[in-house]
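Numbering (this note's numbering), first residue to last: 13 to 109. Down below is the structure, laid out as structure tokens.
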């Protein structure tokens with residue numbers, strides 16, 4: 013998709029450490045007043061997914077409306093921004109180069 017930082021993670025499909033690629037897609041799960049948002053990464057070899065957490069059990073009112081709409085629209089530039097954010101990657105214990 014984009015030139016995000018190269019991520020390494022133990023793949024549940026391949027059973028070993030592989031390169032995971034930023035899919036440019038978000039998963040948004042809402043149950044009323046709380047929402048979870050993840051950026052989806054996929055194994056380069058088998059496409060097994062790994063969701064990196066952006067928001068967990070966060071009140072919908074705490075997420076800027078414009079950003080929330082971009083999550084729902086799978087905005088590629090927002091996905092690329094998160095994929096190149098060292099703080100976000102470290103928060104998710106991602107191994108990167």
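Virtual Cβ for every residue (Gly too), placed ideally from N, Cα, C. As the structure is a computational prediction, the values presented were derived from the model and not from experiment.
query: Which stretch, first to last residue, makes up the alpha helix (DSSP H) that contains residue 17?
result: Taken as a continuous stretch (DSSP letters only), residue 17 belongs to no alpha helix (DSSP H), as it is neither H nor E.
message: At the level of alpha carbons, what is the spacing between residue 82 and residue 19?
response: 23 angstroms
query: Three or more C-beta pairs closer than 8 angstroms, one from the region 72 to 86 and one from the region 24 to 31: is that the case here?
result: no
message: Give me the residue from 51, 33 and 79 with the minimum Cα distance to residue 66.
response: 51
- request: My understanding is that residue 88 touches residue 36, with C-beta atoms under 8 angstroms, so please give their C-beta distance in whole angstroms.
  value: 5 angstroms
- request: Classify residue 84 as buried or exposed, calling it buried when 16 or more other Cβ atoms lie within 10 Å of its own Cβ.
  value: exposed
query: Among the residues of its own chain, which have a CB less than 8 angstroms from the CB of residue 59, if the five just before and after it don't count?
result: 25
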